[in-house]
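Residue numbers (this note's numbering): 77 to 246.
This report refers to the structure that appears directly beneath it.
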């Protein structure tokens with residue numbers, strides 16, 4: 077079998093071009109069909125202020141900014157279920173984008189997160205509630221917590237600013 081170099085080069089060039097076109101097609105499909113439709117679906121939820129989706133190394137990151145809502149646990153779980161259904165088993169993370177004021181940021185970083193993590197480790201959620209009530213009075217913030225088998229959901233509000241956090245229970 078006698079193949080000359082020009083035939084081999086043509087075959088390699090055609091194979092390379094085909095591969096590039098297939099990869100570009102996959103990227104366009106992912107970007108415009110999956111990601112854009114997911115942003116559109118999530119943005120229609122009444123408790124979402126802003127949503128965005130970015131793919132990174134096979135994992136989909138869903139960025140959401142919630143409006144000022146009362147039932148954060150329900151809103152988060154609805155978003156989680158929507159994303160999980162839309163991505164059909166692909167790995168994903170929901171990243172909550174917050175814009176806290178200095179009071180919320182200071183309360184979260186210096187007090188609240190430690191109280192929550194301690195309660196998760198010890199299982200003493202009644203003590204957590206008492207400590208969070210003290211922080212509410214001391215720092216003049218409103219703290220709402222929701223707990224289920226998987227997560228602890230926290231909403232912190234101060235004046236017109238609010239932040240949401242989800243901490244996984246171990």
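No residue lacks a Cβ here, since even glycine has one placed at the ideal position from N, Cα and C.
Can you tell me where the beta strand (DSSP E) with residue 212 in it begins and where it stops?
On the chain shown, residue 212 is found 136 positions in, with the first residue counted as 1. From DSSP, residue 212 is part of no beta strand (DSSP E) but of the alpha helix (DSSP H) over 201-215.
Please confirm whether residue 172 and residue 230 have their CB atoms less than 8 Å apart.
The count along the chain shown starts at 1 and reaches residue 172 at position 96. The count along the chain shown starts at 1 and reaches residue 230 at position 154. The answer is no: Cβ separation not under 8 Å.
Could you give the uninterrupted runs of the beta strand (DSSP E) lying entirely in the segment 110-172, keeping only those of 3 residues or more?
124-132, 135-142 and 168-172
When the Cα atoms are used, what is the spatial distance from residue 113 to residue 163?
Here residue 113 is taken as the residue at index 37 of the chain shown, counted from 1. Here residue 163 is taken as the residue at index 87 of the chain shown, counted from 1. Distance between the alpha carbons of residue 113 and residue 163: 11 Å.
Under the three-state reduction of DSSP, which class applies to residue 182: helix, strand or coil?
Looking up residue 182 in the chain shown gives position 106. Three-state DSSP puts residue 182 in a helix.
At the level of alpha carbons, what is the spacing between residue 187 and residue 96?
Along the chain shown, read from residue 1 onward, the residue named residue 187 stands at position 111. Along the chain shown, read from residue 1 onward, the residue named residue 96 stands at position 20. Distance between the alpha carbons of residue 187 and residue 96 is about 52 Å.
Name the DSSP bridge partner or partners of residue 222?
As a first step, residue 222 must be located in the chain shown, where it is residue number 146. Note: residue 222 sits in a beta bridge opposite 229.
With respect to the beta strand (DSSP E) encompassing residue 188, which residues constitute its N-terminal and C-terminal limits?
The residue labelled residue 188 in the question sits at position 112 within the chain shown. Premise fails: residue 188 is in no beta strand (DSSP E) and is neither H nor E.
By a C-beta neighbour count over all protein chains shown, 10 Å radius and 16 as the cutoff for buried, is residue 89 buried or exposed?
In the chain shown, the residue the question calls residue 89 occupies position 13. By the neighbour-count rule (16 or more Cβ atoms within 10 Å), residue 89 is not buried but exposed.
How is residue 87 classed by DSSP in three states: helix, strand or coil?
The residue labelled residue 87 in the question sits at position 11 within the chain shown. In the structure shown, residue 87 sits in a helix (DSSP, three-state: H, G or I).
Which residues mark the beginning and the end of the beta strand (DSSP E) in which residue 243 is found?
In the chain shown, counting from the first residue as 1, residue 243 sits at position 167. Looking at the DSSP string, the run of the beta strand (DSSP E) that includes residue 243 is 237-244.
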